[in-house]
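Undergrad: Before I ask anything, let me first share the structure, which is written out below as structure tokens.
Protein chains: 2
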Amino acid sequence: MKKALAIDVGGTKIYNTIINEKGEILTEVEKHHTPKTFNEIRALFEEIISKYENEVDVIAFATCGAVNNENNKILGSTGNIAAGYPEMDFNSLSKKPVFVENDANAAAWAEHVIGSSKGMPYSVMLTLGTGVGGGIILDNKLYKGKNGAAGEMHFKMRTDKHRKCTCGSYDCFEAYASGTGLKKTAEEISGDPDITTYDVIENNDRPMMKKILEKWQNDILEGIIGLANIFDPDCIVLSGSMAEFVDIDYLEKQANKEIVTTPFRVVKASAGNYSGMIGAALLALGVK
Amino acid sequence: MKKALAIDVGGTKIYNTIINEKGEILTEVEKHHTPKTFNEIRALFEEIISKYENEVDVIAFATCGAVNNENNKILGSTGNIAAGYPEMDFNSLSKKPVFVENDANAAAWAEHVIGSSKGMPYSVMLTLGTGVGGGIILDNKLYKGKNGAAGEMHFKMRTDKHRKCTCGSYDCFEAYASGTGLKKTAEEISGDPDITTYDVIENNDRPMMKKILEKWQNDILEGIIGLANIFDPDCIVLSGSMAEFVDIDYLEKQANKEIVTTPFRVVKASAGNYSGMIGAALLALGVK
Chain C
29 MKKALAIDVG GTKIYNTIIN EKGEILTEVE KHHTPKTFNE IRALFEEIIS KYENEVDVIA
89 FATCGAVNNE NNKILGSTGN IAAGYPEMDF NSLSKKPVFV ENDANAAAWA EHVIGSSKGM
149 PYSVMLTLGT GVGGGIILDN KLYKGKNGAA GEMHFKMRTD KHRKCTCGSY DCFEAYASGT
209 GLKKTAEEIS GDPDITTYDV IENNDRPMMK KILEKWQNDI LEGIIGLANI FDPDCIVLSG
269 SMAEFVDIDY LEKQANKEIV TTPFRVVKAS AGNYSGMIGA ALLALGVK
Chain P
29 MKKALAIDVG GTKIYNTIIN EKGEILTEVE KHHTPKTFNE IRALFEEIIS KYENEVDVIA
89 FATCGAVNNE NNKILGSTGN IAAGYPEMDF NSLSKKPVFV ENDANAAAWA EHVIGSSKGM
149 PYSVMLTLGT GVGGGIILDN KLYKGKNGAA GEMHFKMRTD KHRKCTCGSY DCFEAYASGT
209 GLKKTAEEIS GDPDITTYDV IENNDRPMMK KILEKWQNDI LEGIIGLANI FDPDCIVLSG
269 SMAEFVDIDY LEKQANKEIV TTPFRVVKAS AGNYSGMIGA ALLALGVK
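First to last, the sequence lines map onto chains C and P. Residue numbers for the first sequence follow our numbering, so the first one is 29 and each next one is one higher. Residue numbers for the second sequence follow our numbering, so the first one is 29 and each next one is one higher.
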């Protein structure tokens, strides 16, 4: 069975392990702090690859940033990683074939092949964390758009420039549905600028905290309704640390009442914490 | 060259003509009022088809309502046409092959093959009329979703249940970007429940009317930004009677400043008033 060296590149951590065609993690996951400079990141990649490349058939990166699969180049912004990172020449890092995919897209593919959207040709994954990631599977293929940048969950929740988004625009789904969005909603409802998401979640039996969580969840619901009307998908998959705090059954039931398209599922991701690496490995190994 | 008998079925009018593989209209377009009952609509279809079916290779319907291409059945609601209309057995209407597609999807296909999105693999068309129609072309194919209902432009502009939408939910793009949406926006800004879209458009040099049009156009802009971030398309095509009143150049320029995906065009539809029939004919004749 073929194997991939999978490397997950985030703004704060870099992980690596070896994964087979079944999506099974074969070696202990190694964790590194993401270095601050381009050269140090590149050196870390070289170190990991030189150590393992002889054991595998392909190198599979799951990375922050959108990826053009034609040249393995990163497109546009990549958040808080070293500024020069998009210039990385991934292809030159190994004598083995190198495959690069956006981490949210890779995770959506892992769900599609071995996770909770398995067997469903049309799915949209929303990763609710500090921000919101998106991955779209259409007709059993990862949807990338004209240049590989598709699946950015920056559609509007309001049109009155109420809340600044990390993308530079205002009022995107990410600015409401993310953990950061929950904190902002909590600030707005409580009037307390120091309130944390932890305060809200730990005290969710208190009326105000309940109200905050309901508002946050309602924004997620409204986003899901829009995506279901646009895509007519089999399911919407929710992943990420913040997905723990939504009522999946309620979201599915309520969204299905409000859509004009056809009934769909809302499910929690099941491919686990390393779904980015698993999905990148499966894509790199050509597993559908 | 092969030909299709094209029939456009709307809530108020039904049109028919003959169209060839180049998308050329070969006969004068016949216009009928849409009958009030299922049986009368079916009888009109039979009359049109019996008159022309011997001159054509295929019958091509562009209809209100979402269409499942596997069985030519209409899915879900169809607005103000006779209640039983979705039960129409299109396949039984002719001895020639019958093809049925949603009118907005068909129009998007006409733009893709002979209109303003020609040569662009990824496009989203928004038809701004009394309501808003949508058609999505991805990788040079009409995108239909799991059951054929995709492309409904019912994603949210607000999340506080401010404005009821025709779909039964609240605050959808259609409820703001349509002609009906412009009237609602005009009512809200002017405080005059009797104001018409005509009043606004005819008096667009007056400050209040200017403000109303700017708010309406900004809602369209916000919707376009969301779609561009989700799809990373080559272009967004605007069609329909209300598309006359937007500033296409401004929309393109401003949207490109705010997206996180890659540069895209905003263009006006160019396939003409009968693009629904043309697109249905091209799809029925297998022209890509």
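The C-beta atom is built at its ideal place from N, Cα and C for all residues, glycine as well. What you are looking at is a predicted structure, and each value in this text was computed from that prediction instead of being measured.
I'd like to know if Ser197/C contacts chain P, where contact means its C-beta is closer than 7 Å to some C-beta of that chain.
TA: Walking along the first sequence from the start, residue 197/C turns up at place 169. It does; some Cβ of chain P falls within 7 Å.
Undergrad: In the DSSP assignment, find the beta strand (DSSP E) that holds Glu58/C and state where it starts and stops.
TA: Position 30 of the first sequence holds residue 58/C. Unbroken beta strand (DSSP E) run through Glu58/C: 58-61.
Undergrad: Taking the CB atoms as reference points, tell me whether Lys184/C and Gly179/P lie closer together than 7 Å.
TA: Here residue 184/C corresponds to residue number 156 of the first sequence, with the count starting at 1. Here residue 179/P corresponds to residue number 151 of the second sequence, with the count starting at 1. Result no, Cβ atoms of Lys184/C and Gly179/P do not sit closer than 7 Å.
Undergrad: Distance check for Trp244/C and Ser78/C, CA to CA, integer angstroms please.
TA: Residue mapping note: residue 78/C aligns to position 50 of the first sequence, counting from 1. Residue mapping note: residue 244/C aligns to position 216 of the first sequence, counting from 1. In a straight line, the C-alpha of Ser78/C is about 45 Å away from that of Trp244/C.
Undergrad: At 4 residues or longer, what runs of the alpha helix (DSSP H) sit wholly inside the stretch 135-211 of chain P?
TA: With a minimum length of 4 residues, the continuous alpha helix (DSSP H) runs that stay inside the stretch 135-211 of chain P are 202-205.
Undergrad: Start and end of the alpha helix (DSSP H) containing Asp247/C?
TA: Position 219 of the first sequence, counted from the first residue, corresponds to residue 247/C. Its alpha helix (DSSP H) spans residues 235-259.
Undergrad: Quick one: residues in its chain with C-beta nearer than 6 Å to the C-beta of Ala34/P, no 5 flanking neighbours on either side, listed in chain order?
TA: Walking along the second sequence from the start, residue 34/P turns up at place 6. Hits under 6 Å: Thr45, Ile47, Ala88, Met305, Ala308, Ala309.
Undergrad: Taking only the alpha-carbon atoms, compute the straight-line gap between Tyr204/P and Gly157/P and give it to the nearest angstrom.
TA: As a working note, residue 204/P is residue 176 in the second sequence. As a working note, residue 157/P is residue 129 in the second sequence. Cα to Cα, the separation comes out at about 11 Å.
Undergrad: Should Arg186/P go down as buried or exposed, given a rule of 16 or more other Cβ atoms within 10 Å for buried?
TA: Stepping through the second sequence from its first residue, residue 186/P is reached at position 158. Its Cβ being crowded by 16 or more others within 10 Å, Arg186/P is buried.
Undergrad: Which two residues bound the contiguous beta strand (DSSP E) that contains Leu54/P?
TA: Residue mapping note: residue 54/P aligns to position 26 of the second sequence, counting from 1. First-last for Leu54/P: undefined, no H or E at that position.
Undergrad: Flag this pair as yes or no: are the beta carbons of Val86/C and Pro125/C separated by less than 7 Å?
TA: What you label residue 86/C is simply residue 58 of the first sequence in a count that begins at 1. What you label residue 125/C is simply residue 97 of the first sequence in a count that begins at 1. In this structure, Pro125/C lies closer than 7 Å to Val86/C by Cβ.
Undergrad: Would Gly51/C and Ile142/C be called neighbours here (beta carbons separated by less than 7 Å)?
TA: Indexing the first sequence from 1 puts residue 51/C at position 23. Indexing the first sequence from 1 puts residue 142/C at position 114. Yes, Cβ-Cβ distance for Gly51/C and Ile142/C is below 7 Å.
Undergrad: For Arg234/C, count neighbouring Cβ atoms within 10 angstroms of its own Cβ and tell me buried if that reaches 16, exposed if not.
TA: In the first sequence, residue 234/C corresponds to position 206, counting from 1. Looking at its Cβ environment, which holds fewer than 16 other Cβ atoms inside 10 Å, Arg234/C is exposed.
Undergrad: How should Glu56/P be labelled, buried or exposed, when 16 other C-beta atoms within 10 angstroms of its C-beta is the threshold for buried?
TA: Against the second sequence, residue 56/P aligns to sequence position 28. Classification of Glu56/P: exposed, given that the 10 Å Cβ count is below 16.
Undergrad: Along chain C, in chain order, which residues have C-beta atoms closer than 8 Å to that of Pro114/P?
TA: Position 86 of the second sequence, counting from 1, holds the residue named residue 114/P. The premise fails here: Pro114/P is roughly 13 Å from chain C at the closest Cβ pair, so nothing lies under 8 Å.
Undergrad: If we ignore side chains and look at the alpha-carbon of each, how far apart do Ala271/P and Leu311/C end up?
TA: Working through the second sequence from its first residue, we reach residue 271/P at position 243. Working through the first sequence from its first residue, we reach residue 311/C at position 283. Between Ala271/P and Leu311/C, the C-alpha separation is close to 41 Å.
Undergrad: Applying the criterion that 16 or more other CB atoms from any shown protein chain within 10 Å of the CB defines a buried residue, is His317/C buried or exposed?
TA: The shown model of chain C, from 29 to 316, leaves out residue 317/C, and the question about it has no answer.
Undergrad: Let me check understanding here. Comparing Cα to Cα, which of Gly209/C, Asn130/C, Thr155/C, Pro63/C lies closest to Leu170/C?
TA: To locate residue 170/C, count along the first sequence from 1; it is residue 142. Among Gly209/C, Asn130/C, Thr155/C, Pro63/C, the Cα nearest to that of Leu170/C belongs to Asn130/C.
Undergrad: What residue from Glu216/C, Leu103/C, Ile252/C has the CA that sits closest to Gly160/C's CA?
TA: By 1-based counting over the first sequence, the position of residue 160/C is 132. Here residue 160/C turns out to be Val, not Gly, going by the sequence shown. Checking every option, the nearest Cα to that of Val160/C belongs to Ile252/C.
Undergrad: Starting from Val288/C, trace the alpha helix (DSSP H) in both directions and tell me its first and last residue.
TA: Within the first sequence, residue 288/C is the residue found at index 260, counting from 1. Neither: Val288/C is in no alpha helix (DSSP H) and is coded neither H nor E.
Undergrad: Please compile the residues from chain C whose C-beta is within a distance smaller than 7 Å of the C-beta of Asn257/P.
TA: As a working note, residue 257/P is residue 229 in the second sequence. Per Cβ cutoff of 7 Å: Glu180, His182, Phe183.
Undergrad: For Asp36/C, write down the residues that DSSP places opposite it in a beta bridge.
TA: In the first sequence, counting from the first residue as 1, residue 36/C sits at position 8. Bridge partners of Asp36/C: Tyr43/C, Ala90/C.
Undergrad: Could you give the DSSP three-state label for Lys101/C: helix, strand or coil?
TA: Within the first sequence, residue 101/C is the residue found at index 73, counting from 1. In this structure, Lys101/C counts as strand in the three-state DSSP scheme.
Undergrad: Between the C-alpha atoms of Gly207/P and Val274/P, what's the straight-line distance to the nearest angstrom?
TA: Against the second sequence, residue 207/P aligns to sequence position 179. Against the second sequence, residue 274/P aligns to sequence position 246. Distance between the alpha carbons of Gly207/P and Val274/P is about 12 Å.
Undergrad: So Leu311/C is in the alpha helix (DSSP H); what residue range does that whole segment cover?
TA: Here the question's residue 311/C lines up with position 283 in the first sequence. That run of the alpha helix (DSSP H) goes 303-312.
Undergrad: Throw me the rounded Cβ distance for the Lys41/C and Lys59/C pair, which I believe falls under 8 Å.
TA: Taking the first sequence and counting its residues from 1, the one referred to as residue 41/C is at position 13. Taking the first sequence and counting its residues from 1, the one referred to as residue 59/C is at position 31. 6 Å between Cβ atoms; contact.
Undergrad: Might you give, ordered along the chain, the residues of its own chain that have their beta carbon closer than 7 Å to the beta carbon of Val228/P, omitting 5 neighbours on each side?
TA: Position 200 of the second sequence, counting from 1, holds the residue named residue 228/P. Answer for Val228/P: Leu210, Ala214, Met237, Ile240, Leu241, listed in chain order.
Undergrad: Report, in whole angstroms, the separation of the C-beta atoms of Cys263/P and Val294/P, which I expect to be a contact under 8 Å.
TA: For the purposes of this step, residue 263/P is taken as the residue at position 235 of the second sequence. For the purposes of this step, residue 294/P is taken as the residue at position 266 of the second sequence. Right, their Cβ atoms sit about 7 Å apart.
Undergrad: Which same chain residues, not among the five before or five after Asn231/P, have their C-beta less than 8 Å away from its C-beta?
TA: As a working mapping, residue 231/P is identified with position 203 in the second sequence. Once the five neighbours on either side are set aside, the close Cβ partners of Asn231/P are Met237.
Undergrad: Quick check on the burial criterion: 16 or more other C-beta atoms within 10 angstroms. Buried or exposed for Glu98/C?
TA: Along the first sequence, read from residue 1 onward, the residue named residue 98/C stands at position 70. By the neighbour-count rule (16 or more Cβ atoms within 10 Å), Glu98/C is not buried but exposed.
Undergrad: Under three-state DSSP, which class holds Ile109/C?
TA: Counting from 1 along the first sequence, the entry for residue 109/C is found at position 81. DSSP places Ile109/C in coil when its eight states are reduced to three.
Undergrad: Suppose the cutoff is 7 Å on Cβ atoms and the five residues either side in sequence are ignored; what does the same chain contact list for Asn175/C look like?
TA: Stepping through the first sequence from its first residue, residue 175/C is reached at position 147. Within the same chain, Asn175/C has close Cβ partners Asn96, Leu103.
Undergrad: Helix, strand or coil for Ile264/P, going by three-state DSSP, please let me know.
TA: Mapped onto the second sequence, residue 264/P falls at position 236. If DSSP states are grouped into helix, strand and coil, Ile264/P belongs with the strands.
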